[in-house]
Amino acid sequence: MIPADETFDGTFPFEPHFTDAPGFRMHYVDEGEGEPVVLLHGEPTWGYLYRNFIPGLSETNRVIVPDHMGFGKSETPQDREYTLRTHVGNLAALIEELDLRDITFVMQDWGGPMGSQYAVRNLDRVKRMCVLNTIIPGSRREPPNAPVSPWFQWIGKHHEAGTLHETLGHLGSHVLSVMKIIGFENSEAVDDTWIRAYSAPFPDKESCIGAIEFPLDAYLGRTRDFIFEEIAAVQELASMPAMMVEGMQDHAIDPERAIGGFQALYPDAPVTVLPNAGHFCQEDAPEIIVPLISQFLRLT
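To convert a position in the sequence shown, counted from 1, into the working numbering, add 1214.
Structure follows, in structure tokens:
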């Protein structure tokens, strides 16, 4: 867990906020006023991923950026299940604590399953969906024998060999290498501060449990039952305004699969394709994405 007052040389200058509502000490950023925009990160990042989004979006909206359990400035309890079900429950506890309504979700990686699974269970609280290099589970039937992405091939190889916990258990020393496997393109953004910020949540093996369990949750199919509990309600999301930005150099979620699933649910919604951006499009193209989200908020 990163110290609350750590700003990483001023690159993350936002006041820390904490809640115990989910049953552990959860950190979140809370900047600006207006309708809430909730920015959801995934593997193996934290709210730092959105540092270039918060200033612009908070000019017109209240911007909430939680660190999921086991990531960033949030605690990493060792006695909790790290599953999609649990993470959605944690998010629900935060939203209830803050009494957020008319929410716009900005979702990337695991943020997509989290935000959308929260939304199908709380349709009255969610207003818009902004999808960045992620999927909304249940938006369409997956084709049989769909190819496995390079990231999940890597996860599968290490899981079957019994080396996954050892490999991701040292994430603090090779987080950039892992992010490049997943799909990170903007090497110009990388300096000592950047490395320190993304490595800081993972000083030892115990702190890496969240990053280990995220990919296993998908690879082992542990998300399936939770998603199917509300599978019919996914179509209810189609009535919400939505937009998508997709970095095409994504090695975790096949871009064509992601775009196809989004368009199945939102056939008339805008999709912006970024040919040179990767899975972490927030790092690769914030100067493009933030104005698109601001326009989306203004027009819908």
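All residues carry an ideal CB built from backbone N, CA and C; glycine is no exception.
Alpha-carbon spacing of residue i relative to residue j, whole angstroms
| i | j | result |
| --- | --- | --- |
| PHE1398 | HIS1255 | 15 Å |
| TYR1433 | PHE1366 | 7 Å |
| HIS1231 | ILE1507 | 24 Å |
| GLU1444 | ARG1335 | 7 Å |
| THR1274 | GLU1245 | 10 Å |
| GLN1477 | VAL1504 | 21 Å |
| PHE1285 | ARG1354 | 30 Å |
| VAL1302 | GLY1325 | 10 Å |
| ALA1515 | GLY1474 | Given a span of 1215 to 1514 for the chain in the structure shown, any question on residue 1515 remains unanswerable. |
| TYR1296 | THR1290 | 10 Å |
| GLN1449 | ARG1276 | 27 Å |
| SER1391 | TRP1368 | 12 Å |
| PRO1217 | VAL1243 | 14 Å |
| ASP1498 | ILE1268 | 16 Å |
| ASP1323 | THR1437 | 14 Å |
| ASP1293 | PHE1238 | 11 Å |
| PRO1469 | TYR1480 | 16 Å |
| HIS1241 | ALA1375 | 35 Å |
| GLU1220 | ILE1409 | 14 Å |
| MET1283 | ASN1490 | 31 Å |
The alpha helix (DSSP H) enclosing residue i, as first and last residue numbers
| i | result |
| --- | --- |
| ILE1394 | It is worth fixing the name first, because residue 1394 is Lys in this sequence and not Ile. That run of the alpha helix (DSSP H) goes 1385 to 1396. |
| ILE1309 | 1298 to 1312 |
| GLY1329 | 1325 to 1335 |
| THR1381 | 1378 to 1382 |
| GLU1295 | Unbroken run through GLU1295: none, as it is neither H nor E. |
Residue range of the unbroken beta strand (DSSP E) whose run includes residue i
| i | result |
| --- | --- |
| MET1321 | 1317 to 1322 |
| LEU1346 | 1340 to 1346 |
Closest residue to residue i among the options (Cα-Cα distance)
| i | options | result |
| --- | --- | --- |
| LEU1513 | ARG1339, ILE1278, ALA1456 | ALA1456 |
| ALA1403 | THR1233, ASP1234, LEU1263 | LEU1263 |
| ARG1394 | PRO1291, HIS1493, THR1290, LEU1488 | The amino acid occupying residue 1394 in the given sequence is Lys; Arg does not appear at that position. Nearest of PRO1291, HIS1493, THR1290, LEU1488 to LYS1394, Cα basis: HIS1493. |
| ARG1581 | GLY1248, THR1377, LEU1346, GLY1376 | This structure cannot settle anything about residue 1581, because the visible part of the chain is limited to 1215 through 1514. |
| LEU1424 | LEU1385, VAL1345, GLU1310, CYS1495 | It is Gly, not Leu, that sits at residue 1424 in the sequence shown. Ranking LEU1385, VAL1345, GLU1310, CYS1495 by Cα distance to GLY1424 puts LEU1385 first. |
| MET1215 | ARG1354, PHE1476, LYS1419, PHE1319 | LYS1419 |
| PHE1228 | MET1321, GLN1449, GLY1261 | GLY1261 |
| THR1318 | LEU1308, GLY1329, GLU1380, GLY1383 | GLY1329 |
| VAL1252 | ALA1466, THR1381, MET1321, GLU1311 | MET1321 |
| HIS1379 | CYS1422, ASP1234, ASP1498, CYS1344 | CYS1422 |
| LEU1451 | SER1413, VAL1340, PHE1440 | VAL1340 |
| PRO1280 | ASP1234, ILE1396, GLY1270 | ASP1234 |
| PRO1250 | HIS1373, ASP1439, ASP1313 | ASP1313 |
| LEU1337 | THR1486, MET1454, SER1413, LEU1488 | MET1454 |
| ARG1471 | PRO1415, PRO1484, ASN1347 | ASN1347 |
| GLN1331 | PHE1226, GLY1383, ILE1426, ALA1446 | ALA1446 |
Buried versus exposed call for residue i [16 or more other C-beta atoms within 10 Å across all chains shown]
| i | result |
| --- | --- |
| PHE1442 | exposed |
| ARG1265 | buried |
| PRO1327 | buried |
| LYS1287 | buried |
| ILE1502 | exposed |
| THR1377 | exposed |
| ASP1464 | buried |
| SER1387 | exposed |
| GLN1496 | buried |
| GLN1509 | exposed |
| GLU1460 | buried |
| PRO1429 | buried |
| VAL1362 | exposed |
| ASP1406 | exposed |
Reduced DSSP secondary structure (H/G/I, E/B, other) of residue i
| i | result |
| --- | --- |
| ALA1411 | helix |
| TYR1242 | strand |
| LEU1208 | In the structure displayed, the chain extends from 1215 to 1514; residue 1208 sits before or after that span and is not available. |
| PHE1226 | coil |
| ILE1419 | According to the sequence provided, residue 1419 is Lys. The question's Ile does not apply to it. Reduced to three states, the DSSP call for LYS1419 is helix. |
| ILE1278 | strand |
| MET1454 | coil |
| GLU1460 | strand |
| ALA1499 | coil |
| THR1290 | coil |
| LEU1254 | strand |
| THR1486 | strand |
| LEU1263 | helix |
| THR1233 | strand |
| ALA1218 | coil |
| ALA1466 | coil |
| GLY1492 | strand |
| PHE1285 | coil |
| SER1363 | coil |
| TYR1433 | helix |
Residue i Cβ short of 7 Å to the ligand ATP heavy atom set
| i | result |
| --- | --- |
| LEU1390 | For the ligand ATP, the structure offers nothing, since it holds no ligand at all. |
Residue-chain proximity (residue i, chain D), Cβ-Cβ < 8 Å
| i | result |
| --- | --- |
| MET1321 | Within the model displayed, chain D is absent; a lone protein chain is all it includes. |
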